[in-house]
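Enquirer: Before we start, here is the structure in question, set down as structure tokens.
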Amino acid sequence: MNLYLALFIFFNFSFALAGGAILPPSNTTKAKEVVRDIIEVHGMRLKGRITNIGSQKLSFRLIHCDGVNHIYYEDIDSIVTKYKYQISYNRKKIVGRVIGIVNKEFLKVQLSKEILLVKIADIDNFVMSVQDNDTVENRIRNKFPYTSGDMSLGLEFEEGTNNKVKTDIMMNWWHKKAGNEMHLYVDYSKETTSTEDTPRVQNKDELTSIFTDRYYYQEDNFIFASLMGEFDRPRHIQSRYVPAFGYGYKFKLDKNNFLQPAIGLAYISTVYTDNELYPDNTFTGAILALNAKYSFDDVVIINRLIVDGTIIYYPSLANPKEDWIWRSSVNFTIPLFDFISMKLAIQWINDSNPNPNVGNNKTTTNLLFGIDF
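Below is the structure:
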């Protein structure tokens with residue numbers, strides 16, 4: 000079994016899970032075709048369906064066309080949908096049809112007995128109702144309107160003079176509701192190799208997980224609490240736990256793009272695999288963190304590119320030159336379909352490991368394919 004076969008199986012499983020397409024296929028006859036959502040842009044009528052509501056742009060998939068169009072609200076003259084959508088905003092959930100846009104910043108939504116004006120900037124989730132789309136993916140999005148995430152997988156199998164099995168799993172989970180935001184990040188890697196003359200060797204067996212809860216007491220100001228847990232057996236780290244708390248500020252470039260620095264206090268506790276050579280180490284430190292995300296639309300060939308990155312630095316308050324931890328990463332994500340993406344993930348790991356020969360400085364680069372939910 001090789002990498003291409005593994006990716007083939009993974010893609011087929013992903014499509015099966017999605018439950019099928021929404022719009023009629025391109026060979027559907029006009030007699031059977033049903034026009035759904037209609038948007039007028041500078042007098043031009045577009046037919047298809049809305050796939051996302053952003054802060055500045057609306058994402059729209061045209062009938063019989065591949066890819067998604069991203070349209071600025073300022074260019075939209077009117078919106079009328081025949082699909083019903085579940086809209087979550089300001090801790091409320093409504094289901095209805097969009098029948099207009101007001102002042103380029105409000106959607107006019109027709110419910111069963113009333114019409115509401117919903118501010119676009121307040122929308123946390125916009126997804127087609129299960130009445131019009133009963134696929135598994137859409138049912139999950141309706142059931143958990145404030146929850147989103149992605150799971151990416153990378154596999155490598157090699158058989159011959161060198162036998163290698165490598166697995167990389169990366170997952171992000173977000174829960175955003177009004178002023179509260181929870182994020183769980185999990186990254187696991189394992190790699191074993193062997194040859195005809197050498198026994199199987201474990202090159203990688205590492206896990207990093209970070210749970211963060213942010214509470215925005217003002218629009219851009221927040222306090223946070225986080226817990227990082229990890230192990231890295233080849234680097235002699237049996238277990239490490241880092242609880243932290245502090246304050247941060249979110250510089251919004253728009254609703255989806257931001258720069259978010261944070262500062263606080265942390266407690267670092269590390270247990271090493273060989274206690275005789277490397278005694279357990281604990282210290283109180285600071286946390287200096289920076290998260291950022293930016294999306295590029297209308298990129299040549301790939302259409303859309305999402306770049307996000309994280310820097311976390313834990314220096315000891317008593318002896319920052321001897322005890323410290325550094326974690327940083329940057330991800331380049333290309334959405335391939337509504338729910339499938341390709342990710343290039345680059346990570347830099349650096350800390351005051353008691354054995355420098357194991358590698359205080361470590362860089363990993365992974366190409367992963369994932370499911371967005």
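Numbering of the sequence shown is given in numbering that gives the first Met the number 0, commencing with residue 0 and proceeding in unit increments.
We treat Cβ as the ideally placed atom computed from N, Cα and C, and that holds for glycine.
Kindly list the residues whose CB is nearer than 6 angstroms to the CB of Arg140, restricted to its own chain and excluding five residues on each side of it in sequence; keep chain order.
Expert: Taking the sequence shown and counting its residues from 1, one reaches residue 140 at position 141. Closer than 6 angstroms at Cβ, skipping near neighbours: Val126.
Enquirer: Which of helix, strand or coil does DSSP assign to Ile310?
Expert: Sequence index remark: in the sequence shown, residue 310 carries index 311 (1-based). Of the three classes helix, strand and coil, the one that applies to Ile310 here is strand, per DSSP.
Enquirer: I'd like the list of long-range same chain contacts for Val185, defined as Cβ closer than 6 angstroms, with 5 residues on each side in sequence excluded.
Expert: Counted from its first residue, the sequence shown places residue 185 at position 186. The residues are Met170, Ser208.
Enquirer: How many Å lie between Lys203 and Glu229 at the Cα?
Expert: Sequence index remark: in the sequence shown, residue 203 carries index 204 (1-based). Sequence index remark: in the sequence shown, residue 229 carries index 230 (1-based). The straight-line gap from Cα to Cα measures roughly 13 angstroms.
Enquirer: With three or more C-beta pairs closer than 8 angstroms as the rule, is the region 259-271 touching the region 285-300?
Expert: The region 285-300 vs the region 259-271: in contact.
Enquirer: Look up Asp186 in the DSSP assignment and say whether it is helix, strand or coil.
Expert: The sequence position of residue 186 within the sequence shown is 187, counting from 1. DSSP places Asp186 in strand when its eight states are reduced to three.
Enquirer: Is Arg48 helix, strand or coil by DSSP?
Expert: In the sequence shown, residue 48 corresponds to position 49, counting from 1. Reduced to three states, the DSSP call for Arg48 is strand.
Enquirer: Please state the DSSP three-state secondary structure of Tyr72.
Expert: The count along the sequence shown starts at 1 and reaches residue 72 at position 73. Of the three classes helix, strand and coil, the one that applies to Tyr72 here is helix, per DSSP.
Enquirer: Below 6 angstroms CB to CB, which residues in the same chain sit around Asp149 once its five sequence neighbours on both sides are set aside?
Expert: The residue you call residue 149 lines up with position 150 of the sequence shown. Only Asn171, Gly369, Asp371 meet the Cβ criterion.
Enquirer: State the beta-bridge partners of Tyr216 as determined by DSSP.
Expert: For the purposes of this step, residue 216 is taken as residue 217 along the sequence shown, with counting starting at 1. None, per the DSSP bridge assignment.
Enquirer: What first and last residue would you give for the alpha helix (DSSP H) that runs through Lys142?
Expert: Position 143 of the sequence shown, counting from 1, holds the residue named residue 142. Segment 135-142, the alpha helix (DSSP H) holding Lys142.
Enquirer: Which of helix, strand or coil does DSSP assign to Leu119?
Expert: Here residue 119 is taken as the residue at index 120 of the sequence shown, counted from 1. Leu is not the amino acid found at residue 119; the sequence shown has Ile there. Ile119 falls in the helix class under three-state DSSP.
Enquirer: So what's Pro198 in DSSP terms, helix, strand or just coil?
Expert: The residue labelled residue 198 in the question sits at position 199 within the sequence shown. Reduced to three states, the DSSP call for Pro198 is coil.
Enquirer: Starting from His63, trace the beta strand (DSSP E) both ways and give me its first and last residue.
Expert: For the purposes of this step, residue 63 is identified with residue 64 of the sequence shown, where counting begins at 1. His63 -> no beta strand (DSSP E), and no H or E assigned at all.
Enquirer: For the putative contact between Phe244 and Phe210, defined by C-beta atoms under 8 angstroms, what is the C-beta separation to the nearest angstrom?
Expert: Numbered from its first residue, the sequence shown carries residue 244 at position 245. Numbered from its first residue, the sequence shown carries residue 210 at position 211. With 8 angstroms as the limit, Phe244 and Phe210 do not qualify as a contact, their Cβ atoms being about 12 angstroms apart.
Enquirer: Here's a check: name, in chain order, each residue in its chain whose Cβ is nearer than 7 angstroms to the Cβ of Asp99, leaving out the five neighbours to either side.
Expert: To locate residue 99, count along the sequence shown from 1; it is residue 100. This sequence places Gly at residue 99; Asp is not what is there. Excluding positions up to five away in sequence, the list reads Ser77, Ile78, Lys107.
Enquirer: Would you kindly work out how many angstroms separate the C-alpha atoms of Tyr313 and Ala291, rounded to a whole number?
Expert: Taking the sequence shown and counting its residues from 1, one reaches residue 313 at position 314. Taking the sequence shown and counting its residues from 1, one reaches residue 291 at position 292. Their Cα atoms are separated by approximately 18 angstroms.
Enquirer: With distances taken Cα to Cα, identify the nearest neighbour of Gly153 among Arg303, Leu252, Lys342.
Expert: In the sequence shown, counting from the first residue as 1, residue 153 sits at position 154. Nearest C-alpha to Gly153: Lys342.
Enquirer: Report the three-state DSSP secondary structure of Pro278 (helix, strand or coil).
Expert: Mapped onto the sequence shown, residue 278 falls at position 279. Residue state, collapsed to three classes: coil.
Enquirer: Check whether the Cβ of Asp186 sits closer than 6 angstroms to any heavy atom of the ligand FAD, and report yes or no.
Expert: Annotation note on the ligand FAD: not contained in the displayed structure, which lists no ligands.
Enquirer: For Asp212, which residues from the same chain have a beta carbon less than 7 angstroms from its beta carbon, with the 5 sequence-adjacent residues on both sides left out?
Expert: Sequence index remark: in the sequence shown, residue 212 carries index 213 (1-based). If we look at Asp212 and ignore the five residues flanking it on each side, its Cβ neighbours are Met181, Phe223, Ala224.
Enquirer: On the criterion of 16 or more Cβ atoms from any shown chain inside 10 Å, does Gly42 qualify as buried, or is it exposed?
Expert: If you number the sequence shown from 1, residue 42 lands on position 43. Per the 10 Å Cβ criterion, exposed.
Enquirer: Tell me which residue opens and which closes the beta strand (DSSP E) that Glu155 is part of.
Expert: On the sequence shown, position 156 is the one that residue 155 refers to. 146-157 is the span of the beta strand (DSSP E), which, as asked, contains Glu155.
Enquirer: Run through DSSP, which three-state label would Pro233 get?
Expert: If you number the sequence shown from 1, residue 233 lands on position 234. Note: Pro233 maps to helix in three-state DSSP.
Enquirer: What do you reckon, are the CB atoms on Ile374 and Asp36 nearer than 7 angstroms?
Expert: The structure shown does not extend to residue 374, since the chain spans only 0 to 372, so no value can be given for it.
Enquirer: Taking the beta strand (DSSP E) that Val97 belongs to, which residues open and close that run?
Expert: As a working mapping, residue 97 is identified with position 98 in the sequence shown. Start and end: 91-101.
Enquirer: So Thr160 packs on Glu195, CB below 8 angstroms; how close in whole Å?
Expert: Taking the first residue of the sequence shown as position 1, residue 160 is located at position 161. Taking the first residue of the sequence shown as position 1, residue 195 is located at position 196. Sure, about 6 angstroms apart at Cβ, within 8 angstroms.
Enquirer: Quick check on the burial criterion: 16 or more other C-beta atoms within 10 angstroms. Buried or exposed for Asp219?
Expert: Your numbering for residue 219 matches position 220 in the sequence shown. Asp219 comes out exposed.
Enquirer: Mind checking which residues open and close the beta strand (DSSP E) that includes Ile55?
Expert: Translated into positions along the sequence shown, residue 55 becomes position 56. Just to set this straight, residue 55 is Gln in the shown sequence, not Ile. From DSSP, Gln55 is part of no beta strand (DSSP E); its letter is neither H nor E.
Enquirer: Using a threshold of 7 angstroms, state whether the C-beta atoms of Thr375 and Lys163 are closer than that.
Expert: Limits of the chain in this structure are 0 at one end and 372 at the other, which puts residue 375 out of reach.
Enquirer: Taking the alpha carbon of Phe257 as the point to measure from, which residue in Ser238, Leu206, Ser294 has its own alpha carbon closest?
Expert: If you number the sequence shown from 1, residue 257 lands on position 258. Measuring from the Cα of Phe257, the nearest candidate turns out to be Ser294.
Enquirer: Exposed or buried, what is Glu205 when buried is set at 16 or more other beta-carbons lying within 10 Å of its beta-carbon?
Expert: Here residue 205 corresponds to residue number 206 of the sequence shown, with the count starting at 1. Per the 10 Å Cβ criterion, buried.
Enquirer: Going along the chain, which residues of its own chain have a beta-carbon closer than 8 angstroms to the beta-carbon of Ile75, five neighbours each way excluded?
Expert: Numbered from its first residue, the sequence shown carries residue 75 at position 76. If we look at Ile75 and ignore the five residues flanking it on each side, its Cβ neighbours are Ile38, Glu39, Val40, Leu57, Ile100, Lys103.
Enquirer: Just reading off the beta strand (DSSP E) that Asp322 is part of, what are its end residues?
Expert: Sequence index remark: in the sequence shown, residue 322 carries index 323 (1-based). Unbroken run through Asp322: none, as it is neither H nor E.
Enquirer: Note down the Cα distance separating Asp273 from Asn354, rounded to an integer number of angstroms.
Expert: Position 274 of the sequence shown, counted from the first residue, corresponds to residue 273. Position 355 of the sequence shown, counted from the first residue, corresponds to residue 354. Distance between the alpha carbons of Asp273 and Asn354 is about 11 angstroms.
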